[in-house]
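Peer 1: Note that the sequence shown covers residues 9 to 676 in the numbering used here.
Got a structure here, written out as structure tokens. Questions coming.
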Amino acid sequence: MGKRGEEIYKNRKINCAVTRNSGSTVLSWRAILIGTAIISLISYLCPIVEQYEWEIDYALPAPPVSVMFFFFLVVTLNTLLFKFSHPLALNPNELLLIYAMTMVGVPLSSFGLVQFLIPNMVGPIHFATNENMWREDFWHYIPNWFGPRNLRIINGFYTGGWDGVPWHAWIKPLMIWWIFAFVLCFVLFCFCAIIRKQWVERERLTFRILETPLAMVETPQTGFGLNAFFRNKMTWIGFALPILIQLSVGLHHFFPSFPSFKIMHIRLDTYLTEKPWNAIGYFHLNVMYSIIGVAYMVPADVSFGLWFFYLFRKALNILGATMGWRGSQAGSILARFPDVNDQAVGAFFALFLLSLWMMRRHLWEVINDAISQNRTPVSKSTPEAMSYSTAVFGFLLGTFFLLLWGYLAGLSLVWGLVFFGIFFVFQTVLSRIRAESGIAWLFLPKTPNNVMALFTGTAKLGTQNLAILSSLKFLTFNQNGYIMPFQLEALKTSDSYRVKGRHLSVAILAGIILYIVISSCSSLSVYYKYGANSCEQWRVSSGRSPYEELSRWLNTSQPSSPAALFYIGFGALFYAFLAFMRLQFLWWPFHPVGYVVANTFTMQYLWAPFLFGWFAKVIALKSGGIKSYRNLVPFFLGLIMGETVGNGFWVTVLGEIFGIHGFAYFEF
Numbered sequence: 009m010g011k012r013g014e015e016i017y018k019n020r021k022i023n024c025a026v027t028r029n030s031g032s033t034v035l036s037w038r039a040i041l042i043g044t045a046i047i048s049l050i051s052y053l054c055p056i057v058e059q060y061e062w063e064i065d066y067a068l069p070a071p072p073v074s075v076m077f078f079f080f081l082v083v084t085l086n087t088l089l090f091k092f093s094h095p096l097a098l099n100p101n102e103l104l105l106i107y108a109m110t111m112v113g114v115p116l117s118s119f120g121l122v123q124f125l126i127p128n129m130v131g132p133i134h135f136a137t138n139e140n141m142w143r144e145d146f147w148h149y150i151p152n153w154f155g156p157r158n159l160r161i162i163n164g165f166y167t168g169g170w171d172g173v174p175w176h177a178w179i180k181p182l183m184i185w186w187i188f189a190f191v192l193c194f195v196l197f198c199f200c201a202i203i204r205k206q207w208v209e210r211e212r213l214t215f216r217i218l219e220t221p222l223a224m225v226e227t228p229q230t231g232f233g234l235n236a237f238f239r240n241k242m243t244w245i246g247f248a249l250p251i252l253i254q255l256s257v258g259l260h261h262f263f264p265s266f267p268s269f270k271i272m273h274i275r276l277d278t279y280l281t282e283k284p285w286n287a288i289g290y291f292h293l294n295v296m297y298s299i300i301g302v303a304y305m306v307p308a309d310v311s312f313g314l315w316f317f318y319l320f321r322k323a324l325n326i327l328g329a330t331m332g333w334r335g336s337q338a339g340s341i342l343a344r345f346p347d348v349n350d351q352a353v354g355a356f357f358a359l360f361l362l363s364l365w366m367m368r369r370h371l372w373e374v375i376n377d378a379i380s381q382n383r384t385p386v387s388k389s390t391p392e393a394m395s396y397s398t399a400v401f402g403f404l405l406g407t408f409f410l411l412l413w414g415y416l417a418g419l420s421l422v423w424g425l426v427f428f429g430i431f432f433v434f435q436t437v438l439s440r441i442r443a444e445s446g447i448a449w450l451f452l453p454k455t456p457n458n459v460m461a462l463f464t465g466t467a468k469l470g471t472q473n474l475a476i477l478s479s480l481k482f483l484t485f486n487q488n489g490y491i492m493p494f495q496l497e498a499l500k501t502s503d504s505y506r507v508k509g510r511h512l513s514v515a516i517l518a519g520i521i522l523y524i525v526i527s528s529c530s531s532l533s534v535y536y537k538y539g540a541n542s543c544e545q546w547r548v549s550s551g552r553s554p555y556e557e558l559s560r561w562l563n564t565s566q567p568s569s570p571a572a573l574f575y576i577g578f579g580a581l582f583y584a585f586l587a588f589m590r591l592q593f594l595w596w597p598f599h600p601v602g603y604v605v606a607n608t609f610t611m612q613y614l615w616a617p618f619l620f621g622w623f624a625k626v627i628a629l630k631s632g633g634i635k636s637y638r639n640l641v642p643f644f645l646g647l648i649m650g651e652t653v654g655n656g657f658w659v660t661v662l663g664e665i666f667g668i669h670g671f672a673y674f675e676f
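What follows is the structure, given as structure tokens:
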């Protein structure tokens, strides 16, 4: 790579400053219009692709496949306009506004809300039988305004074949849930606005997942039609590699004799059949090129900690089997060894508390700024999305609304506060993890409902509260769709363009509303046309499995678990130990985030890509130092762009326009 090509990677702050100084400081309505058009397309297509065709997670991972595909199209067209000095060419500020607007709400069209909410609105009615006795056990505890109650309309949802959606039965409960969902997103957005300065400017969390879109929008240097990123050959080599792999997958689908180079779900545990090695559990190999690219970009101690603690966790499984700790003859604590999920719960809470402690001075500044009549310049000196007074009171009033909404549904204020409190803790922790590690998929060790049951037992919660908590479980049915990490990343891009805070807030919140409304309508259209029984069943099961768990709890009360609480406490203490060692000793190699994530389901899929990315980075630094590392950065950013854009092309163009399916390579 030439000298000019290296400049983009030498100092991201300098480049961001250059970008901020280009373009207008006012809201770009053409960027808003383009963003609105992309949101509308993604919201419409996502339920079709994910619910019915079940080809790929279109709205996920991160960067989202759908967003990156359309953003790549916009950047490509804009590059042509820029080359010919066309007045319609967008500046980098406008391009990043489009990215932030389209990216921030995209999980809501998928796992983050709609695709679990819709089945949840009718599931407890449809799946009730004389045998499971749901009617007698908890039907009367679920409000009628949670969803349609006409059996013919509900059966049509599952059988399909309808010419349209019976909106008269759906519109009222949908609007109630839409208001709830928007307020929930608004509360989280307010907290993002509160902590942005602390995490972005003071702690300088890396947000490596944003490196690719930032590189794509850099202004070309004088005399060049392309910027340094797109002129670099390594970018296009990295871009081509996953696309060629995807092409082999598609050709193999249509011509089985053609070899497929897809490396996914390689079961390594099938080779470990003898005791004690078979105690290793589910252990497989995946190669995800975008994750390898992210792993190369994040700090080496973070990527090392992620794969190391996952393999260490597997070693503990084998140790427990060797020592005879896991079994009915062992004590209650040893029988659960190593109980990684409960360890992760403790680590989650410890990470949250440590994060609060680190931002205690900042939070005091925020509160002082919010309540003081003589406003301090805290929220005016940086590109905040809203004033601190708006953020603080918006957070408090929004939280009050959520508690009131739950109370009107039948959830007590105390247990509502506990549920939304745990939900908020988990959202914050997942945002922190992704900011530090760039992980695209993030799973929780347990849902808030299960955590509450571990501490108190189900009997103390009561049937009424359990019924409403089960109805809200769709919010945590799959944590890949948690929206707060996306919101925080959107605010992080405010460092790179000049849009007034209130304008940025309007764009983001408007995008959230569009995603919620359009994708809900599209989702219902898919189900009434094809029938939920013919669609992807894991999403449909979100209307059944929470109530199956509820039925078990009502029939057999689950007591609190001292053994689980022991592992929760151990996880919290061990995380605190790792954090202390990292702060005190520069040579300490184990990043505490690795311990948190490795004890969740996340690393089942991602340990190998992070191992490969870490290894490539170490080799680059050892062989050629920082120069060698920087020379390879375009290749790994190209991997991210190639895998996401490629999958978006196969699904959107070949799949939805030409009806050719089978090329996608990004599923679980």
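The beta-carbon is built from N, C-alpha and C at its ideal position, and this holds for glycine as well.
(1) Alpha carbon to alpha carbon, what distance is there between F463 and P456?
(2) Judging by CA-CA distance, which residue of S265, W244, I271 is the nearest neighbour of Q254?
(3) Could you say which of A352, L404, S528 lies nearest to L425 if we only look at CA atoms?
(4) Taking just the CA atoms, how far does R638 sit from L105?
(5) I'd like the ranges of any alpha helix (DSSP H) spanning at least 4 consecutive residues and lying wholly in the region 421-496.
(6) Report back the beta-carbon spacing between N86 and L103 to the nearest angstrom; my notes put them in contact at under 8 Å.
(7) I187 to F312, Cα distance in whole Å?
(8) Starting from H134, follow the alpha helix (DSSP H) in both directions and report where the run begins and ends.
(9) Would you decide whether I630 is buried or exposed? Buried here means 16 or more other CB atoms lie within 10 Å of its CB.
(10) Would you check if the region 393-403 and the region 600-617 touch, i.e. whether three or more CB-CB distances between them fall below 8 Å?
(11) So, helix, strand or coil for L275, using DSSP?
(12) Relative to the C-alpha of Y536, which candidate in A587, V653, T167, F620 has its C-alpha closest?
(13) To the nearest angstrom, how far is it from the Cα of R216 to the Cα of E282?
(14) Suppose you measure from the CA of A461 to the CA of Q566; what does that come to, to the nearest Å?
(15) In whole angstroms, what separates the C-alpha of L327 from that of A584?
(16) In its own chain, which residues sit with a C-beta less than 6 Å from the C-beta of F356, not counting the 5 before and 5 after it?
(17) Just to confirm the assignment: which complete alpha helix (DSSP H) runs, minimum length 4, are found wholly within the region 502-589?
(18) Determine the contact status of C200 and Q495, defining contact as a CB-CB distance below 7 Å.
(19) Is the separation between the beta-carbon of S527 and that of V122 shorter than 7 Å?
(20) Kindly give me the distance between the Cβ atoms of M242 and L640, rounded to whole angstroms, as I take these residues to be in contact under 8 Å.
(21) State buried or exposed for Q545, treating a residue as buried only when at least 16 other CB atoms are found within 10 Å of its CB.
(22) According to DSSP, what are the bridge partners of H292?
(23) Within 7 Å of any Cβ in chain C, is that where the Cβ of I64 sits?
(24) Could you tell me the alpha carbon to alpha carbon distance between G667 and L512, rounded to whole angstroms?
(25) Span of the alpha helix (DSSP H) holding G402?
(26) Using a threshold of 7 Å, state whether the C-beta atoms of M129 and G113 are closer than that.
(27) Quick check: the region 362-382 against the region 141-159, are at least 3 beta-carbon pairs closer than 8 Å?
(28) Could you pull out every residue in the same chain whose Cβ sits closer than 8 Å to the Cβ of L581, ignoring the five residues on either side in sequence?
(29) Rounded to whole angstroms, what is the Cα-Cα separation between R551 and F485?
(30) Please classify A606: does DSSP put it in a helix, a strand, or coil?
(31) Does the Cβ-Cβ distance between I245 and F643 come in under 7 Å?
(32) Taking only runs that begin and end inside the region 135-176, name each unbroken alpha helix (DSSP H) of 4 or more residues, in chain order.
(33) Taking the runs of the beta strand (DSSP E) that are 3 residues or longer, which of them lie wholly in the region 627-651?
(34) Does Q229 come out as helix, strand or coil in the three-state DSSP assignment?
(35) With three or more beta-carbon pairs closer than 8 Å as the criterion, would you say the region 216-227 touches the region 365-373?
(36) Where do the N-terminal and C-terminal ends of the alpha helix (DSSP H) with W333 fall, by residue?
Peer 2: This is what the structure holds:
(1) 11 Å
(2) I271
(3) L404
(4) 27 Å
(5) 421-445, 456-464, 471-479
(6) 7 Å
(7) 42 Å
(8) 122-134
(9) The identity of residue 630 in the sequence shown is Lys, whereas the question assumes Ile. So K630 counts as exposed.
(10) no
(11) Note that residue 275 is Arg in the sequence shown, not Leu. DSSP places R275 in strand when its eight states are reduced to three.
(12) T167
(13) 41 Å
(14) 7 Å
(15) 24 Å
(16) V437
(17) 509-538, 545-548, 553-563
(18) yes
(19) yes
(20) 7 Å
(21) exposed
(22) R275
(23) Here chain C cannot be found, since the structure has a single protein chain.
(24) 37 Å
(25) 396-417
(26) no
(27) no
(28) G354, A358
(29) What sits at residue 551 in the sequence shown is Gly, not Arg. When rounded, the distance between both Cα atoms is 10 Å.
(30) helix
(31) yes
(32) 142-145, 159-167
(33) none
(34) coil
(35) no
(36) Where W333 is concerned, there is no enclosing alpha helix (DSSP H), given that its DSSP letter is neither H nor E.
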